[in-house]
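**Student:** In the numbering used here, the protein residues as written are 1057 to 1313. All C-beta atoms, glycine included, are put in the ideal place defined by N, C-alpha and C.
(1) Which whole-angstrom value is the C-beta distance of residue 1281 and residue 1259, which I expect to be below 8 angstroms?
(2) Closest to residue 1138 by C-alpha separation, out of 1096, 1248, 1176, would be which residue?
(3) Just list the beta strand (DSSP E) runs in the stretch 1089 to 1147, keeping only unbroken ones of 3 residues or longer that don't cross its boundaries, in chain order.
(4) Note down the Cα distance separating residue 1126 from residue 1108, rounded to an integer number of angstroms.
(5) I need the boundaries of the alpha helix (DSSP H) containing residue 1221, first residue and last residue.
(6) In or out: residue 1245 buried (at least 16 other Cβ within 10 Å) or exposed?
(7) Count the other CB atoms, across all protein chains shown, that sit within 10 Å of the CB of residue 1003; report buried if there are 16 or more and exposed otherwise.
(8) Applying the criterion that 16 or more other CB atoms from any shown protein chain within 10 Å of the CB defines a buried residue, is residue 1205 buried or exposed?
(9) Pick helix, strand or coil for residue 1057, following the three-state DSSP scheme.
(10) Smallest Cα separation from residue 1287: which of 1153, 1151, 1103, 1161?
(11) What separation, rounded to the nearest whole angstrom, lies between the Cα atoms of residue 1306 and residue 1184?
(12) By the 10 Å Cβ neighbour count, where 16 or more other Cβ atoms means buried, how is residue 1198 classified, buried or exposed?
(13) From what residue to what residue does the alpha helix (DSSP H) around residue 1155 run?
(14) For residue 1253, tell me which candidate among 1272, 1300, 1213 has the shortest Cα-Cα distance.
(15) Which whole runs of the alpha helix (DSSP H) in the stretch 1222 to 1308 are 4 residues long or more, in chain order?
(16) Mind checking residue 1098: buried by the 16 CB within 10 Å criterion, or exposed?
(17) Would you tell me roughly how many angstroms separate the C-alpha atoms of residue 1188 and residue 1156, rounded to the nearest one?
(18) For residue 1100, which of 1131, 1086, 1110 has the nearest alpha-carbon?
(19) By how many angstroms is the C-alpha of residue 1170 removed from the C-alpha of residue 1092?
(20) Suppose contacts are defined by Cβ-Cβ distances below 8 angstroms. Is residue 1195 in contact with residue 1310 by that definition?
(21) With a threshold of 6 angstroms on Cβ separation, who are the neighbours of residue 1164 within its own chain once the five nearest residues in sequence on each side are excluded?
(22) Grouping DSSP H, G and I as helix and E and B as strand, with all else coil, what is residue 1191?
(23) Is it right to say residue 1177 is buried, meaning 16 or more other beta carbons lie within 10 angstroms of its own, or is it exposed?
(24) How big is the Cα-Cα spacing for residue 1182 and residue 1275?
(25) Classify residue 1111 as buried or exposed, calling it buried when 16 or more other Cβ atoms lie within 10 Å of its own Cβ.
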């Protein structure tokens, strides 16, 4: 009789929905490998396309020649963004948590923005002082050649977009968004996640020598700490973009001296 009573409907036979879950250490690491592999494939596809478009050969010499081209670098960096977003979407969809919430894509206060900018200026300024005191270049030497090459192809604007917008977006979504979120909720905890995600981010910049890698690591630690304290990946994306834009302008200015 209860089945005919509208005030007492029968219990649903459907299983309850799975609760949201966060990928822990190994899940984050394995998906992180797939995210990086997708980004790498997107960039390689651009390089292969550029070699074929220029009538070159798929050889070590041909790859080296094209990779040093400013236009190719710009296009490859841009190609990495949609690939990263695609795999992130698949990975996060399985957690039943929204894309924005999982990656910390939330706003923050102007106070945090100012603190972040000032902290970054102090850190980068300190590294510049150390670099000058040691008689080293303030910016990596090859970056000047990349800028000149992009300018020759009338693609300097594209290089700026790639370095100051696309690269900060996918690198921060990967390191401070994906890696930090999963690892911070594992046994590593927030501080272990900050350190490990910063190390991974540093390894992604092996085109630099040891001195600039140390600088990248400290910037990564700063970004990771700000991600932890504010809960906002948008903040680190903004700071990363400003840092890359400032470095691009500085390199362009020094290359013109």
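**Tutor:** So, from the listed chains and residues:
(1) About 19 angstroms; that fails the 8 angstroms criterion.
(2) Of the listed residues, the one whose Cα sits closest to residue 1138 is 1096.
(3) Entirely contained in the stretch 1089 to 1147, not one beta strand (DSSP E) run reaches 3 residues.
(4) If you take the alpha carbons of residue 1126 and residue 1108, they lie about 17 angstroms apart.
(5) Per DSSP, residue 1221 lies in no alpha helix (DSSP H) segment and is marked neither H nor E.
(6) Its Cβ having fewer than 16 others within 10 Å, residue 1245 is exposed.
(7) The structure shown does not extend to residue 1003, since the chain is modelled only from 1057 through 1313, so no value can be given for it.
(8) It counts as buried.
(9) In this predicted model, residue 1057 has a pLDDT of only 48, less than 50, meaning its place in the structure is not dependable; the value taken from the coordinates is given anyway. In this structure, residue 1057 counts as coil in the three-state DSSP scheme.
(10) Considering only alpha carbons, the answer is 1161.
(11) About 11 angstroms.
(12) Around the CB of residue 1198, fewer than 16 other CB atoms lie within 10 Å, so the residue is classed as exposed.
(13) For residue 1155, the uninterrupted alpha helix (DSSP H) run begins and ends at 1155 to 1159, by DSSP.
(14) With respect to the C-alpha of residue 1253, the residue from 1272, 1300, 1213 having the closest C-alpha is 1272.
(15) For the alpha helix (DSSP H) assignment, the uninterrupted runs of no fewer than 4 residues enclosed by the stretch 1222 to 1308 are, from N- to C-terminal side, 1223 to 1228, 1236 to 1240, 1245 to 1259, 1266 to 1286.
(16) Counting Cβ neighbours within 10 Å, residue 1098 comes out buried, since at least 16 surround it.
(17) If I take the Cα positions, the gap works out to 41 angstroms.
(18) Of the listed residues, the one whose Cα sits closest to residue 1100 is 1131.
(19) Pairing residue 1092 with residue 1170, the inter-Cα distance amounts to about 31 angstroms.
(20) Contact: yes.
(21) The residues are 1286, 1288, 1291.
(22) Coil, per DSSP.
(23) So residue 1177 counts as exposed.
(24) In this structure, the CA atom of residue 1182 is about 12 angstroms from the CA atom of residue 1275.
(25) Exposed: under 16 other Cβ atoms inside 10 Å.
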